[in-house]
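There are 2 protein chains.
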Amino acid sequence: MQTVGFENHDHTVCVGVGMKAAEDVCAAQGLRLTKGRRRVLEILLQEHRAMGAYDILGMLSDEGFASQPPVVYRALDFLVANGFAHKIQKLNAYIACAHPGDSHTPVFLICRACETVAETAAPLQSTLGEAAEKIGFKIETTIVEAEGMCPRCRETETAV
Amino acid sequence: MQTVGFENHDHTVCVGVGMKAAEDVCAAQGLRLTKGRRRVLEILLQEHRAMGAYDILGMLSDEGFASQPPVVYRALDFLVANGFAHKIQKLNAYIACAHPGDSHTPVFLICRACETVAETAAPLQSTLGEAAEKIGFKIETTIVEAEGMCPRCRETETAV
DNA sequence: ATCGAAGCGTTATATTATATCAAGTCATCC
DNA sequence: GGATGACTTGATATAATATAACGCTTCGAT
Chain L
1 MQTVGFENHD HTVCVGVGMK AAEDVCAAQG LRLTKGRRRV LEILLQEHRA
51 MGAYDILGML SDEGFASQPP VVYRALDFLV ANGFAHKIQK LNAYIACAHP
101 GDSHTPVFLI CRACETVAET AAPLQSTLGE AAEKIGFKIE TTIVEAEGMC
151 PRCRETETAV
Chain H
1 MQTVGFENHD HTVCVGVGMK AAEDVCAAQG LRLTKGRRRV LEILLQEHRA
51 MGAYDILGML SDEGFASQPP VVYRALDFLV ANGFAHKIQK LNAYIACAHP
101 GDSHTPVFLI CRACETVAET AAPLQSTLGE AAEKIGFKIE TTIVEAEGMC
151 PRCRETETAV
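Top line first, the protein sequences correspond to chains L and H.
The opening residue of the first sequence carries number 1 in the working numbering; numbering runs sequentially from there.
The opening residue of the second sequence carries number 1 in the working numbering; numbering runs sequentially from there.
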C-alpha cells in the first residue's frame, strides 16, 4: 500500500510534482489549467490537508481573486473532475490528489482527532464490483473513507 | 452478499421488521425511542429511499410536529448513532438501515440516474483495516459508497 | 418529592453549494 | 484579420444543509 499523509517528507517536492503532473495531463488532454484553477491546486498542494471550499476562497480573495463562491467551486469542480483533487465527503472538504496522473480509486484515512487525511490505494474494489455486478448494478465510482485515529494522535491520546 | 434495494418485496414487512428491531434494541439498551424518533424511523422505512433532512422535516411538520431543523436533525442523529439509519454522504441524505440489529459496515450502491440506494455488506473491511494498521492508523468506522447504474436504469438507458 | 440527565421547543445563525445571465477569452476556420 | 463557437469568468442572488444556544419539560432514579 502506498500511503501519503502521515510520514514526514520534503513538502516542496510534493507541490512541484503535483503541479507538474497536472500540467502534463492538461497538456496531453487539451485541458486549460487557468490561473484560478492553477492557484487552487497550488493552495491544496501547499496546505497538504483537506480544506473547506470557503477556506480556499478566503485565501483566493486575499490574493485579489474575486470573492464569490462560484470562483472556488468552479475550480474545484475542474480539479476533481480531472483527478487532480478529491472531495472528502465526510468533511465536506477538498484535498490535492496524492497520486496524480495514476488512474485510481482512492481510500482516505481520516483522523477524527486532528482531521488529517491520508490517501491510500484500495485493496478491494474488484471484489465489490463483481459482487455488485451479480445483482445487475454497474459501479462507476467508489468512495471509501475510513475514520479513526492517526499514529500521531494515538500517541498523544495514550500519553494523556 | 445480502442486498436490499433493487428487488421487489412486501414493503409493509420491511416497516414492521424495522420498527420491531429498533424497539428491541432500544429496550435492550435502555434507549428512548421517543415519538419524534419513532416517527422519523417510520418515515424512512415507509419511503424506503434516501431522504434529505428537510424532506423529512416537511412531513413531520405536516403532521403537527414542530417545524424547525433541530427537530429532524436530533432524531436523525439518534437513529444514525444507534444504527437504525445511515447517512448517505454522497447525497446528503438519510436512509433506514436495511439490516437492523446486525452490527455491520454497510456498503451503499447509489444509482446516479434514479438515486435509489441499496445497502449491502462489505466483502472487504478486514483487509483495509489490516493495511491501515500497518502504518499505525486505527480504523473505527468506514464509509463505502459506490455510484453507478442500477439494473432498472440500465435497462431503460439501453432501451432509449 | 426532588434531583439530575436527557429530550424538546424555539430563535437565530453558520456552513456548504448552486442557478443564472452577462461579459470576456481563446482557438479555429474562412 | 475578422467571424464564429466553445469555454471561462464576473457578479448577484439564492438554495440547501446543518448547528449553536438557551430555557423549559419529561423521565427515571434515589
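The C-beta atom is built at its ideal place from N, Cα and C for all residues, glycine as well.
Asked, Found
"Please report the straight-line C-alpha distance between residue 133(L) and residue 74(H), rounded to a whole angstrom.", "37 Å"
"Find out if the Cβ-Cβ distance for the pair residue 69(L), residue 54(L) is shorter than 9 Å.", "yes"
"Could you please give me the residues that DSSP links to residue 148(L) through a beta bridge?", "111(L) and 139(H)"
"Could you give the residue range of the beta strand (DSSP E) that holds residue 35(L)?", "Run containing residue 35(L): none in the beta strand (DSSP E); it sits in the alpha helix (DSSP H), 35-47."
"Can you pull the chain L residues whose beta carbon is under 8 Å from the beta carbon of residue 154(H), in chain order?", "136 and 138"
"Check each candidate in 77(L), 155(L), 144(L) and 129(L) and name the one with the smallest Cα separation from residue 88(H).", "144(L)"
"Measuring only between beta-carbons, confirm whether residue 151(H) sits less than 9 Å from chain L.", "yes"
"Which class does residue 85(H) belong to by DSSP, given the choice of helix, strand or coil?", "strand"
"Distance, Cα to Cα, residue 24(H) vs residue 118(H)?", "24 Å"
"Measuring alpha carbon to alpha carbon, tell me which residue in 127(L), 110(L), 129(L) and 141(L) is nearest residue 154(L).", "110(L)"
"Leaving out five residues on either side along the sequence, give the residues of the same chain with a beta carbon under 8 Å from the beta carbon of residue 15(H).", "42, 45 and 46"
"Can you name the residues of chain H whose CB is closer than 8 Å to the CB of residue 143(L)?", "89, 90, 143, 144, 145, 146 and 147"
"Could you tell me the distance, in whole angstroms, from the CA atom of residue 106(H) to the CA atom of residue 49(H)?", "15 Å"
"Distance check for residue 20(H) and residue 36(H), CA to CA, integer angstroms please.", "16 Å"
"For residue 104(H), which option in 114(H), 80(H), 112(H) and 149(H) has the closest C-alpha, if you only look at C-alpha atoms?", "80(H)"
"In chain order, what residues of the same chain have a beta carbon less than 8 Å from the beta carbon of residue 30(H), not counting five sequence neighbours either side?", "none"
"Which residues mark the beginning and the end of the alpha helix (DSSP H) in which residue 12(H) is found?", "11-29"
"Please name the residue in 12(H), 140(H) and 18(H) whose C-alpha comes closest to that of residue 101(H).", "18(H)"
"In whole angstroms, what separates the C-alpha of residue 26(H) from that of residue 91(L)?", "30 Å"
"Taking DSSP as the reference, what is the three-state secondary structure of residue 53(H)?", "helix"
"Starting from the beta carbon of residue 132(L), find every residue of chain H whose beta carbon is closer than 7 Å, and list them in chain order.", "109 and 146"
"Report all residues from its chain with a CB closer than 7 Å to the CB of residue 33(L); omit the five preceding and five following residues, and keep chain order.", "22, 23 and 26"
"Give a yes or no on whether 9 Å exceeds the smallest Cβ distance from residue 49(H) to chain L.", "no"
"Could you check the C-alpha separation between residue 72(H) and residue 56(H) for me, to the nearest Å?", "7 Å"
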